[in-house]
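Below is one structure, written out as structure tokens, with a few remarks after it.
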Amino acid sequence: MLTLAGCQMRTQDVKRYLPLIAFLLVALVGAGVASVVYRTEEAANRARFEVIANEAVDRISNRVNQHIALLVATMSFFEANDGRVTRRALTRFVDGLDLDGEFDGIHGLGFARLSTPADDAEIVREIARNYGIERAVRPATDQALRAPIVMLEPQDARNREALGYDMYAETTRRDAMERAMASGKPRASAPVELVQEITNEKQAGFLVYLPLPLRDARGAGLREHAGFVYAPFRAGDLHAAALNTSYQLPVEVETLDTTGDDARVLYRSEAFDDEETTARYVVSRSIEVAGRQWTLRMHESPGFLRGRTNFYTFIVGAISLLLAAAIAASARWQIKAVESAHALHAISERTVKEKELILQEMKHRLKNAIARILAMARQTGARAASVEEFSDSFTARLQAMANAQDMLTRSRWQKADLRELLCTELDQVFGEALGGDRVAGPRVELDEKQSQAFALTFHELATNTLKYGSGAEPQGRLKVTWRLEGPPRKRMLRLIWTEQTEEAIREPETRGFGSRLIDANIIGELGGRVERSYGETGFSVTITVPHRR
């Protein structure tokens, strides 16, 4: 069964955490709404990127198809001339197409004659007739047929290097040629390094072949074709031209030839993240290019998200946090208002109780004071030799108690200053003859109990000094010092009362009332200790008490 105190503690815990609970609940709801908005924005961004990715695929596909259309047109040009096209005619035809200006990516249009190794000498003469250079057919081959390049336009340093190269000798190119002859349609090769790559800036490339039939071919077989009208492509130039047409698409692309089991990289943009560690939107598309399958993997470039920082998600999240903070603050203010009302009621009740306590404490203190005065009167009367001595001693002790009470009254019944209390007592006995240089120590504040105990102690010590110690001799000297020792939680106040006299002071055989009173105050009331030392040049009293601030 829960006790009343336990229920109150649980209620206090609930009140303490209520603003936090309100904040968390509203923030949680806001986070859910912001999450929905975020997913909506992400879906919109993904849909937008897919549109851009599809446009990139269309651009590349259309670009390749345009170039293949050029190849078909070139084939028609050859067929219109019965396969007998001179280098001059091909040059004029290609120059009219303006390949460098309108068809970036395709590196030329050419013709590779289908022949045998026995025809190498005729091929060399044909190249010499067309371009005026001696160029041997290369490389050496173990194939029955050759397909050396005899014409390639437009002519530049790269294309000149390709003249005489037997493409049928290389496996990848030969596979594309055989597929083209078998189908009679344009067929592309797998990624290769073009013969034209004569600089350090190399790119992957591919070739597209279209077989040119022999007019007088009879029967079937490889020799029913005169050769191949073909086009070499630099994949990097092709993709750059396609993606940067009219405006640059904010997309990074990797194109793979995935026709066979082994995917081969054809093109990869510089900023493409192969591991997809930073990409947010990844799209994959496949296209067919002259009998081969290309797979395009795409993700966004940094420019795609520029200016799109999930604005609405941020706004919803910020509003949710502000609303949660406002509700939490409102709950806290309401709780504080209720607590203030309860606190005011508690203060009223406590004031009534304190009033009763003060009245009872005053009665108790008055009884104690009367009892102490009576005890002092009895002790003083027992020791006094005359009425005058009794009157002086009793009056001085009452004055010491009054001085301590005055100190407490000036300190609002809380604290009294040790130096002021000491000097007040010494001035009562010595007047101004003591001098301020004989009292030294840091500022120490005493509570009510300590003030009363030290006031009586100082009075007894000062009285003894005046009667028997340094105050009774012309050359006598009194010095009082004090200091605080130990860590803050175990701080001790050490006071040393030192008197220098001309004559030796012997330890008394019996303890008088003053010594007993000092011990009662320091040891009994304050829980301290008193050490007395007597010698040839005077005596000292060391008082050590706990210092409670």
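Residues -11 to 537 (the working numbering) make up the sequence shown, in order. Glycine is no exception: its CB is placed at the ideal position from the N, C-alpha and C atoms.
Compute the distance between the beta-carbons of residue i and residue j, then report whether it is under 8 Å.
i	j	result
phenylalanine 216	methionine 165	yes
histidine 227	tyrosine 269	no
isoleucine 186	alanine 145	yes
isoleucine 524	alanine 492	For the sequence presented, residue 524 should be read as glutamate rather than isoleucine. Cβ atoms of glutamate 524 and alanine 492: closer than 8 Å.
threonine 233	arginine 47	yes
leucine 151	tyrosine 197	no
valine 180	threonine 160	yes
arginine 520	valine 529	yes
isoleucine 56	proline 174	yes
glutamate 433	lysine 403	yes
glycine 193	leucine 202	no
histidine 447	arginine 385	yes
alanine 128	glutamate 122	no
threonine 453	glutamate 495	no
proline 136	glycine 96	no
valine 253	glutamate 242	yes
alanine 31	methionine 286	no
methionine 279	alanine 214	With the sequence shown as reference, residue 279 is identified as glycine, and methionine is not the correct amino acid for it. No, they are not a contact pair.
glutamate 473	arginine 465	no
leucine 6	isoleucine 323	yes
Taking the DSSP output, what are the residues bridged to residue i?
i	result
leucine 195	Pro220
phenylalanine 527	Glu487 and Tyr522
glutamate 141	Leu97
tryptophan 282	Asp245 and Ile275
glycine 600	Summary: the structure shown does not reach residue 600, with the chain confined to residues -11 through 537, and so no result is reported for it.
valine 253	Leu244
leucine 472	Leu481
glycine 369	Bridge partners of glycine 369: none, in fact.
Please state whether DSSP places residue i in a helix, a strand or coil.
i	result
tyrosine 522	strand
lysine 467	strand
arginine 536	coil
glutamate 242	strand
proline 136	strand
glutamate 288	strand
proline 201	strand
glutamate 122	coil
alanine 164	helix
tyrosine 26	helix
glutamate 433	strand
aspartate 46	helix
tyrosine 156	helix
arginine 400	Annotation note: pLDDT 43 at arginine 400 (below 50); position unreliable, coordinate value reported separately. Three-state result, arginine 400: coil.
leucine 406	helix
arginine 494	coil
arginine 72	coil
proline 7	helix
glycine 516	coil
glycine 215	strand
alanine 428	strand
aspartate 92	coil
glutamine 438	helix
glutamate 189	coil
threonine 265	coil
On the criterion of 16 or more Cβ atoms from any shown chain inside 10 Å, does residue i qualify as buried, or is it exposed?
i	result
proline 534	exposed
serine 381	buried
proline 476	exposed
threonine 445	buried
methionine 350	exposed
valine 52	buried
glycine 172	exposed
threonine 301	buried
glutamine 438	buried
tryptophan 321	exposed
alanine 208	Because the pLDDT at alanine 208 is just 44, under 50, the model does not fix this residue reliably, and the value given afterwards should be weighed accordingly. With fewer than 16 other Cβ atoms within 10 Å, it is exposed.
alanine 460	Only weak support is given to the placement of alanine 460: the predicted model assigns it a pLDDT of 48, under 50, and the value that follows is read from those uncertain coordinates. Counting Cβ neighbours within 10 Å, alanine 460 comes out exposed, since fewer than 16 surround it.
glycine 18	buried
asparagine 69	exposed
serine 308	buried
methionine -11	A caution first: methionine -11 carries a pLDDT of 46, below 50, which makes its placement in the model unreliable, though a value can still be read off. Exposed.
leucine 396	Because leucine 396 sits at a pLDDT of 45, beneath the cut-off of 50, its placement in the model cannot be relied upon, and the following sentence gives the value as read from the coordinates. Classification of leucine 396: buried, given that the 10 Å Cβ count is 16 or more.
For the alpha helix (DSSP H) containing residue i, name the first residue and the last one.
i	result
alanine 100	Per DSSP, alanine 100 belongs to no alpha helix (DSSP H); it is in the beta strand (DSSP E), 97 to 101.
valine 82	75 to 85
For the beta strand (DSSP E) holding residue i, just list the boundary residues, first then last.
i	result
serine 274	270 to 277
valine 180	Valine 180 -> no beta strand (DSSP E), and no H or E assigned at all.
Would you verify that the beta carbon of residue i is, or is not, closer than 8 Å to some beta carbon of chain C?
i	result
leucine 284	Of the protein chains in this structure there is only one, and it is not chain C.
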